[in-house]
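Chemist: Before we start, here is the structure in question, set down as structure tokens.
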Amino acid sequence: MITKVDRLELVRRWKHEIAHAGYVPLQRSDVDDQLADCLEHVLGELACPDRAGEARQAGADLVSLHFTSPAMLSRSLKLLALELPELLPEVAPERLFGVLGEFAGGFAGKLREKTVDEQALVLKHAVGHTREAGNEALRASRERFNAVFDSAALGMAVAGINGVITEANGALGQLFGREPGSLVGVLITDLVDQRWRAGVTAALAELAAGADERAGLDVRRTLPDDTQVWARVSASLVRDADGDPDYLVVMCEDITHRHMLQEQFRRQNVQDPLTGLANRTQLESCLHAALTPVYPGRRIGLCLFDLDGFKAVNDSLGHRVGNRLLREVAHRLRTLAAPDSAVVARTGGDEFAVAIPDSIDANAVVDLVERLLQEIARPMGIGQHELSASASVGIVEREVLGTDAEALLRDADITLYRAKRDGRALWVLFDPERNAREHENFRLAATLPAALQSNELFVEYDPILDLGTGAVVAAAANIRWDHPELGELGAERFIGFAEEIGLLTKLGAWTLEQAGGHAARWAGELGSRAPLLAVTLSARHCREPDLVREVRDILDRTGLPAESLVLCLPEAALFDHQGDPVDTVEIFAELGIRLFVQEFGSHYSRVDRLRDLPLAGVKLDGPHIAGMADPEGADPLSEHLVHSAVGAARLMGLPVLATGVTNERQAHRLSELGVSMIQGPHVSDRLSAIEIGGLVQERA
């Protein structure tokens, strides 16, 4: 968003550039206001695609303000191209180039219209006077006409209503690479390339019939040396004394340089400026064309490539090396994909797309992808460095009937996400069932922040049972989602991507506050029998610098005594990168909070480093606890591992909590091994905060 101060400063600098181009504005306030309006049109189209055409109008308005020199346009474009990227960093470069191209096109079109109108009027008057004057006056009028006609910078001709040229000036001959005399008797349509002749013929027919007074269109002429000349042809109808069509006055303006400028802007709008590949806009246009079912069973393939570890190249070797790497990858993709008539595009920083119209089948697309991956992996000599690259690829190949560009890109994006998640340097082929699950996950991720704000989340509890006394001694908080479409969802359905979208810490704090309020009520209602509150914090949450302050504030707001809170922390979160205990552990212990370590025993060789920490217990979960539930007998390996973990905990004087306990046999076996507390379906289903209070009283 550009501030008002930035807008005023940009207008001031724009006015300064116009003055340097030879204009000295006399009415300062009017000029400022008019330039501000032009700038507003350009900014409006940049901010909102629905306001298309406003930048073109801004360019035309400059001509209306009599700012008509090419130097003024050049200075204006240079200023806007330099300043707008800094003021609007969120606008993609290709979009900026496109809007500036429209701005230049509007200026050129209006200037052309103004010039042609002025010269056509002069020429028509001169021709008319020549035809209508008497003998002596005829001679003088004819001389005036010849002076205008022969000296004009624009190509001019007089033609019959049948389109045959009767007079032509030198500028017209020079424009089309012919002697002026050789143009007499030539049809106007013969001066342009075949593709444009139908348009010229139709326009001349309208004039000859008297249906229009003026016609204008852009045409191209290819000269004998294969040089291409672009011209703006404007024809005006002259009527006789009775008002009937008599002859035509034709003017031709050389617009080759202007056309090349507009073509350059057009290319910048559809090409990636770094690699020269198609950009996402052009890719989508190609997909729309390739998805037309021009014959039964037509197919298409789309492959999205994401370079692995490219950020490390930029960070360690610099963006210049990174850009050269991207250009080399682009060159290899384009060269190898060309024989398959594939369209290669750069769709993001280190992301590329390869679209294969009229693909044979998925096997053929996979074969191309494997060859492309091999080509990318070949070492690249970039400056003094020899680099190699790899990529993850998402592949979609299907019939075009029943799909569209949006669905194709979306499915390829999701498939690429799976490829990146599963590893590096591999491809994944689109799978409808997995795609449906991933798509649902993306939908959940997109709506989770709003669900947190609209109170769709709530907390339930797993009671924790003391095997020695049979009493409920604690309750483990579990966050859940009452989804309006999918029903009640457990944390396992959304916690994973909550971390990916940066919401995991916020969810942890929300859970702690909600559960803290419930536990404070248990303490008030049940006194000494109130269960402890157990809350599991993620490793990400544990790394938050404000975690201690956050927990203190929640205890203060909820009124929950610190001694009633159990925080279950991952073992990795208890130590810093050097392997030293983090200060948070000591601070929590000093506050009176009990600390349990979860994932205990997952690294047996490092268990001894826990012995000096102020822990209150350990938590065992996972497949080895489940292996103790078999009615036929405990799995020997599971029993051995659980026995080892419990033994290590007991040597450190720490009680053991086992989660996921499903039946009496499993609970009994764990008790025999030294487990003192259990949690899971065998104890109880998940309960609300109110139900926890009832269960405690029932078990008392």
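In my numbering, the protein residues as written are 139 to 838. All C-beta atoms, glycine included, are put in the ideal place defined by N, C-alpha and C.
(1) Can you pull the DSSP bridge partners for Gln817?
(2) Could you tell me which residues DSSP pairs with Lys644 in its beta bridges?
(3) Going residue by residue through the segment 390 to 454, where are the continuous alpha helix (DSSP H) segments of at least 4 residues, counting only ones entirely within it?
(4) If you pair each beta-carbon of the segment 684 to 692 with each one of the segment 615 to 630, do three or more pairs fall below 8 Å?
(5) According to DSSP, Ser530 sits in a beta bridge with which residue or residues?
(6) Tell me the residue span of the alpha helix (DSSP H) that contains Gln804.
(7) Hey, would you say Val686 sits closer than 7 Å to Leu650, going by beta carbons?
(8) Assign Ala668 to one of two classes, buried (16 or more other C-beta atoms within 10 Å of its C-beta) or exposed (fewer than that).
(9) Whole-angstrom Cβ separation of Leu329 and Arg359, contact assumed at under 8 Å?
(10) Can you check which of these residues, Ala550, Gly381, Ala428, Ser374, is closest to Cys441 by C-alpha distance?
(11) Please classify Thr473 as buried or exposed, where buried requires at least 16 other C-beta atoms within 10 Å of its C-beta.
(12) Exposed or buried, which one is Val601 when buried takes at least 16 other CB atoms within 10 Å?
(13) Within the same chain, show all residues whose beta-carbon is closer than 7 Å to that of Leu164, passing over the 5 residues directly before and after it, in chain order.
(14) Rounded to a whole number of angstroms, what is the C-alpha to C-alpha distance between Met398 and Trp648?
(15) Would you kindly report the start and end of the unbroken beta strand (DSSP E) that includes Thr674?
(16) Take the Cβ of Ile639 as the centre, count every other Cβ of all protein chains shown within 10 Å, and call the residue buried at 16 or more, exposed below.
(17) In or out: Arg562 buried (at least 16 other Cβ within 10 Å) or exposed?
(18) For Asp356, tell me which candidate among Thr413, Ala343, Val338 has the shortest Cα-Cα distance.
(19) Does the beta-carbon of Lys757 have 16 or more other beta-carbons within 10 angstroms, so that it is buried, or is it exposed?
(20) Inspect the beta-carbon positions of Val780 and Leu753 and report whether they are closer than 7 Å.
(21) Does DSSP classify Glu836 as helix, strand or coil?
(22) DSSP beta-bridge partners for Lys248?
(23) From what residue to what residue does the beta strand (DSSP E) around Thr339 run?
(24) State buried or exposed for Cys186, treating a residue as buried only when at least 16 other CB atoms are found within 10 Å of its CB.
(25) In angstroms, rounded to a whole number, what distance separates the CA positions of Glu351 and Glu240?
(26) Among the residues of its own chain, which have a CB less than 8 Å from the CB of Ser526, if the five just before and after it don't count?
(27) Considering only the alpha carbon of each residue, which of Ala657, Ala246, Pro223, Leu567 lies closest to Leu184?
(28) So, at 6 Å on beta carbons, what are the nonlocal neighbours of Ala174 in its own chain, with the 5 sequence-adjacent residues on each side left out?
(29) If we count the other Cβ atoms within 10 Å of its Cβ and call it buried at 16 or more, is Ser318 buried or exposed?
(30) Does DSSP classify Ala515 as helix, strand or coil?
(31) Using the DSSP secondary-structure output, state which residues sit across from Phe287 in a beta bridge.
(32) In the DSSP assignment, what are the bridge partners of Ala615?
(33) Taking the alpha carbon of Arg213 as the reference point, which residue from Ala157, Gln522, Leu795 has its own alpha carbon closest?
(34) In three-state DSSP terms, what is Gly662?
(35) Flag Leu146 as yes when its Cβ comes closer than 6 Å to any non-hydrogen atom of the ligand NAD, and as no otherwise.
(36) Here's a check: name, in chain order, each residue in its chain whose Cβ is nearer than 8 Å to the Cβ of Val162, leaving out the five neighbours to either side.
Modeler: Quick look at the numbers:
(1) Residue pairing of Gln817 in beta bridges, as defined by DSSP: Ile602.
(2) Partner residues in a beta bridge of Lys644, as assigned by DSSP, do not exist.
(3) Taking only runs of at least 4 residues, the alpha helix (DSSP H) segments lying wholly in the segment 390 to 454 are 394 to 408, 418 to 428.
(4) Flag = no, the segment 684 to 692 and the segment 615 to 630 do not touch.
(5) DSSP lists Asp444 as partners of Ser530.
(6) That run of the alpha helix (DSSP H) goes 802 to 811.
(7) Going by C-beta atoms, Val686 is not nearer than 7 Å to Leu650.
(8) The residue in question, Ala668, is buried, as its Cβ has 16 or more Cβ neighbours within 10 Å.
(9) That pair is a contact at about 6 Å.
(10) Distance from the Cα of Cys441 is smallest, within the candidate group Ala550, Gly381, Ala428, Ser374, for Ala550.
(11) With fewer than 16 other Cβ atoms within 10 Å, it is exposed.
(12) Residue 601 is actually Pro in this sequence, not Val. The residue in question, Pro601, is buried, as its Cβ has 16 or more Cβ neighbours within 10 Å.
(13) Residue placement at Leu164 cannot be trusted, given a pLDDT of 43 that sits under 50; what the coordinates show is reported in the next sentence. Once the five neighbours on either side are set aside, Leu164 has no close Cβ partner at all.
(14) Per the coordinates, the alpha-carbon of Met398 lies some 59 Å from the alpha-carbon of Trp648.
(15) Note, Thr674: beta strand (DSSP E), 670 to 674.
(16) Exposed.
(17) Residue environment analysis places Arg562 among the exposed positions, since fewer than 16 neighbouring C-beta atoms fall within 10 angstroms of its C-beta.
(18) The shortest C-alpha separation from Asp356 is found at Val338.
(19) Per the 10 Å Cβ criterion, buried.
(20) Contact flag unset, no.
(21) The three-state secondary structure of Glu836, taken from DSSP, is helix.
(22) Here Lys248 is not bridged, per DSSP, to any residue.
(23) It is not in any beta strand (DSSP E) - Thr339 instead sits in the alpha helix (DSSP H) that spans 332 to 346.
(24) Sixteen is the threshold: since fewer than 16 other Cβ atoms of the shown chains lie within 10 Å of the Cβ of Cys186, the residue is exposed.
(25) About 28 Å.
(26) For Ser526, where only same-chain residues beyond five positions count, the Cβ hits under 8 Å are Ala515, Arg516, Pro517, Met518.
(27) Closest by alpha carbon: Pro223.
(28) When the five nearest sequence neighbours on each side are left out, the beta carbons in the same chain lying within less than 6 Å of the beta carbon of Ala174 are those of Val149, in order along the chain.
(29) According to the sequence shown, residue 318 is Pro rather than Ser. Counting Cβ neighbours within 10 Å, Pro318 comes out buried, since at least 16 surround it.
(30) The three-state reading of DSSP puts Ala515 in helix, counting H, G and I together.
(31) When DSSP reads this structure, Phe287 sits in no beta bridge, so it has no partner.
(32) DSSP output for Ala615 lists Tyr599 as bridge partner(s).
(33) For the residues Ala157, Gln522, Leu795, the minimum Cα distance to Arg213 belongs to Ala157.
(34) Helix.
(35) No copy of the ligand NAD occurs in the structure displayed, which carries no ligand at all.
(36) With a pLDDT of only 49 at Val162, under 50, the local geometry of the prediction cannot be trusted, and no value is derived from it.
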